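First up is the structure itself, then whatever we jot down about it.
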Amino acid sequence: MEGYQPILEHQSVLTKEIEKININFRKDSASRKTPEYYINRLTTLDKLWKEFEDNHMKLLECEDHQYEYFSKNIYGYMKHYYVKTKEMISSCKEPKCTSFSLLIFEDYSFQREDLLGQQEANFRALERLINRINIENLEEKWELEDELKSLKHLWNVVDSIHLRLDNQLKGSNDVYEAKFQHIELSRNQKGFK
């Protein structure tokens, strides 16, 4: 058995490494568990297990099975431990990806709702500005230029947000489309193009 002693010692090292992956995985925070993290843990676990299994095959050649490795069925225990660890990491991997996708979707939805809220405020401001401008009551040229400058600035903001929303909504929000067309029509009817 002396020729097998280094293999037995290495099995002990591999056992500790496999257990360490399990322990560290349970301790690591969710923020550390990126897709690469899962891939690295599973790859390392599989590599360690393959080495453990290869060593086990060599140990089976030993005729003396009275050593603790065999009497305590270390291989059986570690196989079960490996399978459970792999299942734990794999089962956590899928929900993280799903929740990451959901997070992106929720962020995208939040951004869309935020833009719709901004646009609603811009529509009200633009409508007030359009209704307030009365060309006949403006006495100085600079007054007209000032109002037109404000109108142009606000319209550029509305138009910029509209392009972003149009890309996200793709015509699916009839209420928004109707409001945008109403504002655009009001602007054009007043002669501000």
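Numbering follows the UniProt record's numbering, in which position 119 of the sequence shown is assigned residue number 119; successive positions increment by one, without gaps.
Built from N, CA and C at the ideal position, the CB exists for glycine as well.
Treat the numbers as computed from the prediction; the structure is a model and nothing was measured.
Point to revise | Endpoints, alpha helix (DSSP H) assigned at T43 | key: Per DSSP, T43 belongs to the alpha helix (DSSP H) from 35-60.
**Study point:** Short Cβ contact (8 Å threshold) for I133 with E145
**Key:** Cβ atoms of I133 and E145: not closer than 8 Å.
Practice item. Drop a sphere of 10 angstroms on the beta-carbon of T85, count the other beta-carbons inside from all chains shown, and report buried for 16 or more, exposed for fewer. Key: By the Cβ neighbour-count rule, T85 is buried, with 16 or more other Cβ atoms within 10 Å of its own.
Point to revise | Cβ-based neighbour list, E17, same chain, cut-off 7 Å, excluding 5 preceding and 5 following | key: Closer than 7 Å at the Cβ level, and outside the excluded window around E17, lie L48.
Exercise for review: Would you mind giving the Cβ-Cβ distance between V158 and N188, rounded to the nearest angstrom? I have them listed as a contact below 8 Å.
Suggested key: So it is not a contact: roughly 13 Å between Cβ atoms.
Practice item. For Y82, count neighbouring Cβ atoms within 10 angstroms of its own Cβ and tell me buried if that reaches 16, exposed if not. Key: Burial call: buried.
Practice item. Run the CB neighbour count on H162, radius 10 Å, all protein chains shown included, and call it buried at 16 or more, exposed below. Key: Buried, by the Cβ-count rule.
Exercise for review: Throw me the rounded Cβ distance for the L150 and L129 pair, which I believe falls under 8 Å.
Suggested key: What sits at residue 150 in the sequence shown is Ser, not Leu. Indeed, because the Cβ distance is near 6 Å, the residues count as touching under 8 Å.
Check your understanding: According to DSSP, is H10 helix, strand or coil?
Key -> H10 falls in the helix class under three-state DSSP.
Practice item. Would you decide whether Y176 is buried or exposed? Buried here means 16 or more other CB atoms lie within 10 Å of its CB. Key: With 16 or more other Cβ atoms within 10 Å, it is buried.
Check your understanding: Between which two residues does the alpha helix (DSSP H) harbouring Y176 extend?
Key -> First-last of the alpha helix (DSSP H) with Y176: 174-189.
Review point. Mind checking whether L8 and Y69 have CB atoms under 8 Å apart?
Key: For L8 and Y69, yes; Cβs fall inside 8 Å.
Practice item. Closer than 6 Å by C-beta to Q11: which residues in its own chain qualify, once you throw out the five before and the five after it? Chain order, please. Key: Counting only Cβ-Cβ distances below 6 Å, and skipping sequence neighbours, we find N55.
Check your understanding: What's the gap between the Cα of R164 and the Cα of Q181?
Key -> Looking at the backbone, the Cα of R164 and that of Q181 are separated by about 16 Å.
Point to revise | Cα-Cα separation, S90 to L126 | key: Whole-angstrom Cα-Cα distance: 53 Å.
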